[in-house]
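*Asks:*
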Amino acid sequence: MGLVNVPAVDLISGLQEVTRRMLVARGVRSGMVDVGGQPLHHYELKGSGQGPTVLLVHGLGGTANGFARIFFGLAKRFERVLAVDMPGHGFSPDYCLGPTCVRGQYELLVRYCREVVGGPSFVVGNSLGGALSAQLATEHPELVRALGLVAPAGADVGHELIREVLEAMDVRTAEQSRALTRRLFHRPPWLMMLFADTLRGVYSTPAVRALSADALATAEYLKAEELQKLAMPVLFVWGGSEKLLPHQSLDFFRTYLPAHARVRVVEQFGHIPHVERPNELVSELVRFADSAGL
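Okay, here's the thing in structure tokens:
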């Protein structure tokens, strides 16, 4: 059977399961946890390092599987690595109360940190996961030992710029899927371009559509005055080849993150360096941890 005859949702599910099985075979624990009545899938890998637990938070349409290539590098430096599938993503079912929203996802992340992580961790978030992680750090600093923002969303750059980003992620044709794939990477791997059309399935799920609609309707962004008050060590990583988020986002975070934040603009990083350049991202995170005394 040719790839063109395989439904996108079946292909996505199959690829996700293959990745999960490979991780489990290498010693990563895959399991479901109950967080306030909501089942969430997560990965846990026991590390051999002395650093605190690392919690990885994916973005809109992403999954915990997206961090697969950085688990083992981080485990050499930190005591534990966790990655959670937010509701309606990866192996986690949709939010149990119906169409999910950004605040609902955030509140579950807070509960996950309290009930599953069990203490302050090095929280590393990408894209929407970066915005959620930054919000977590501002509202619940007791849960965040250090904060890592990798191409984070959430910057107050104006509603129209955010609308353009969300419209680019609303893929309905094969060409739109390829265009979005090119925006996500510094240089898209040929395999990602081959499977680019599966993004139509990824970004058409109820969770993703509800989150996108909620983001447009509420227009809630990170508050500059709250970011400036962050007291924990902060790392901000932006790709020199970032093509999805507007450049004004970089300006926003440069202006409003606290003076002690480490700001890194890394050449050949796109929007998802954990997928495209995992070793280099691990190096950035480890160097930061060393400098921050984690």
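Residue numbers (the working numbering): 1114 to 1407. Glycine is no exception: its CB is placed at the ideal position from the N, C-alpha and C atoms.
Could you have a look at residue 1410 and say whether DSSP puts it in helix, strand or coil?
*Replies:* Residue 1410 lies beyond the range of the chain shown here (1114 to 1407); nothing can be said about it.
*Asks:* Can you list, in chain order, the residues of its chain with a C-beta nearer than 6 angstroms to that of residue 1157? Leave out the 5 residues immediately preceding and following it.
*Replies:* If we look at residue 1157 and ignore the five residues flanking it on each side, its Cβ neighbours are 1142, 1195.
*Asks:* Under a three-way DSSP split, which group does residue 1457 fall into?
*Replies:* Look at the range of the chain in this structure, 1114 to 1407, and you will see that residue 1457 is not part of it.
*Asks:* Determine the DSSP secondary structure at residue 1225, reduced to helix, strand or coil.
*Replies:* Helix at residue 1225.
*Asks:* If we ignore side chains and look at the alpha-carbon of each, how far apart do residue 1263 and residue 1323 end up?
*Replies:* For residue 1263 and residue 1323, the distance between alpha carbons rounds to 23 angstroms.
*Asks:* Using the beta-carbon count (16 or more within 10 Å), is residue 1407 buried or exposed?
*Replies:* Per the 10 Å Cβ criterion, buried.
*Asks:* Look at the alpha carbon of residue 1383 and the alpha carbon of residue 1354, and state the distance between them as a whole number of angstroms.
*Replies:* One C-alpha to the other measures close to 5 angstroms.
*Asks:* Could you say which of 1181, 1170, 1239 lies nearest to residue 1221 if we only look at CA atoms?
*Replies:* Checked all of 1181, 1170, 1239; the closest Cα to residue 1221 is 1170.
*Asks:* Under a three-way DSSP split, which group does residue 1379 fall into?
*Replies:* Of the three classes helix, strand and coil, the one that applies to residue 1379 here is strand, per DSSP.
*Asks:* Beta-carbon within less than 7 angstroms of residue 1207's beta-carbon, same chain only, minus the 5 sequence neighbours each way: which residues are those?
*Replies:* Same-chain partners within the cutoff: 1200, 1201, 1213, 1319, 1320.
*Asks:* Express the C-alpha separation of residue 1239 and residue 1341 in angstroms, rounding to a whole number.
*Replies:* So the alpha carbons of these two residues sit roughly 20 angstroms apart.
*Asks:* Taking a contact to mean a Cβ-Cβ separation below 9 angstroms, would you say residue 1427 touches residue 1160 in this structure?
*Replies:* Because the chain spans 1114 through 1407 in this model, residue 1427 falls outside it and cannot be assessed.
*Asks:* Where does residue 1313 fall in DSSP's three states?
*Replies:* Of the three classes helix, strand and coil, the one that applies to residue 1313 here is helix, per DSSP.
*Asks:* Where residue 1198 and residue 1183 are concerned, what is the direct C-alpha to C-alpha distance, given to the nearest angstrom?
*Replies:* Computed Cα separation, rounded: 16 angstroms.
*Asks:* Looking only at DSSP bridge pairs, what is residue 1195 linked to?
*Replies:* BP columns for residue 1195 point to 1157, 1168.
*Asks:* Suppose contacts are defined by Cβ-Cβ distances below 9 angstroms. Is residue 1351 in contact with residue 1335 by that definition?
*Replies:* Result no, Cβ atoms of residue 1351 and residue 1335 do not sit closer than 9 angstroms.
*Asks:* If you check the beta carbons only, do residue 1345 and residue 1250 fall under 9 angstroms apart?
*Replies:* In this structure, residue 1250 lies closer than 9 angstroms to residue 1345 by Cβ.
*Asks:* So if DSSP puts residue 1144 in a beta bridge, which residue, or which two residues, is it bridged to?
*Replies:* DSSP lists 1155 as partners of residue 1144.
*Asks:* Considering residue 1240, what are the terminal residues of the beta strand (DSSP E) in which it resides?
*Replies:* Note, residue 1240: beta strand (DSSP E), 1234-1240.
*Asks:* Please name the residue, chosen from 1225, 1190, 1396, that lies closest to residue 1145 on a Cα-to-Cα basis.
*Replies:* The shortest Cα separation from residue 1145 among 1225, 1190, 1396 belongs to 1225.
*Asks:* Look at residue 1389 and residue 1302 and say whether their C-beta atoms are less than 9 angstroms apart.
*Replies:* Taking 9 angstroms as the Cβ cut-off, residue 1389 and residue 1302 qualify as a contacting pair.
*Asks:* May I ask which residues mark the beginning and end of the alpha helix (DSSP H) holding residue 1185?
*Replies:* Note, residue 1185: alpha helix (DSSP H), 1184-1188.
*Asks:* Determine which residues share a DSSP beta bridge with residue 1181 and list them.
*Replies:* Per DSSP, none; premise fails for residue 1181.
*Asks:* Might you give, ordered along the chain, the residues of its own chain that have their beta carbon closer than 6 angstroms to the beta carbon of residue 1191, omitting 5 neighbours on each side?
*Replies:* If we look at residue 1191 and ignore the five residues flanking it on each side, its Cβ neighbours are 1160, 1162, 1164, 1167.
*Asks:* Which whole runs of the alpha helix (DSSP H) in the segment 1266-1345 are 4 residues long or more, in chain order?
*Replies:* DSSP runs (the alpha helix (DSSP H)) wholly in the segment 1266-1345: 1272-1281, 1287-1297, 1303-1307, 1312-1315, 1319-1331, 1337-1340.
*Asks:* Would residue 1129 and residue 1176 be called neighbours here (beta carbons separated by less than 9 angstroms)?
*Replies:* Yes; because the gap between Cβ atoms is below 9 angstroms, this pair is in contact.
*Asks:* Could you tell me which residues DSSP pairs with residue 1349 in its beta bridges?
*Replies:* DSSP, once it has assigned bridges, lists 1262, 1376 as partnering residue 1349.
*Asks:* Please confirm whether residue 1398 and residue 1237 have their CB atoms less than 9 angstroms apart.
*Replies:* Yes. Within cutoff.
*Asks:* In terms of residues, what are the limits of the alpha helix (DSSP H) holding residue 1361?
*Replies:* Segment 1360-1369, the alpha helix (DSSP H) holding residue 1361.
*Asks:* So, are the CB atoms of residue 1204 and residue 1133 less than 9 angstroms apart?
*Replies:* Yes.
*Asks:* As a quick exercise: from 1138, 1150, 1179, 1329, pick the residue whose alpha carbon is nearest that of residue 1391.
*Replies:* The residue with the shortest Cα to Cα distance from residue 1391 is 1179.
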